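In my numbering, the protein residues as written are 1293 to 1344.
Right, here's the structure in full:
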């Protein structure tokens, strides 16, 4: 699955949330989610490198 189709799927899910108003708020939340996911993966990578 490509990154664009993944983001499109996430946006479709977020549009169903009644607590989110408009694309501007969804974009901010999506960017935050992506940042946290990347940071979490990076921390895991650092832990694996420290173990070696």
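For each residue, glycine too, the CB sits at the ideal point set by N, CA and C.
What you are looking at is a predicted structure, and each value in this text was computed from that prediction instead of being measured.
Classify residue 1304 as helix, strand or coil using the three-state DSSP reduction.
As a first step, residue 1304 is located in the chain shown; it is residue number 12 there, counting from the start. Of the three classes helix, strand and coil, the one that applies to residue 1304 here is helix, per DSSP.
Pull up the CB-CB distance for residue 1322 and residue 1302, whole angstroms please, since I reckon it's below 8 Å.
What you label residue 1322 is simply residue 30 of the chain shown in a count that begins at 1. What you label residue 1302 is simply residue 10 of the chain shown in a count that begins at 1. Indeed they touch by this definition, with Cβ atoms about 6 Å apart.
Verify whether the separation of the beta carbon atoms of residue 1312 and residue 1318 is less than 8 Å.
As a working note, residue 1312 is residue 20 in the chain shown. As a working note, residue 1318 is residue 26 in the chain shown. Contact: yes.
In terms of alpha-carbon separation, which member of 1331, 1338, 1306 lies closest to residue 1320?
Translated into the one-based positions of the chain shown, residue 1320 becomes position 28. Ranking 1331, 1338, 1306 by Cα distance to residue 1320 puts 1306 first.
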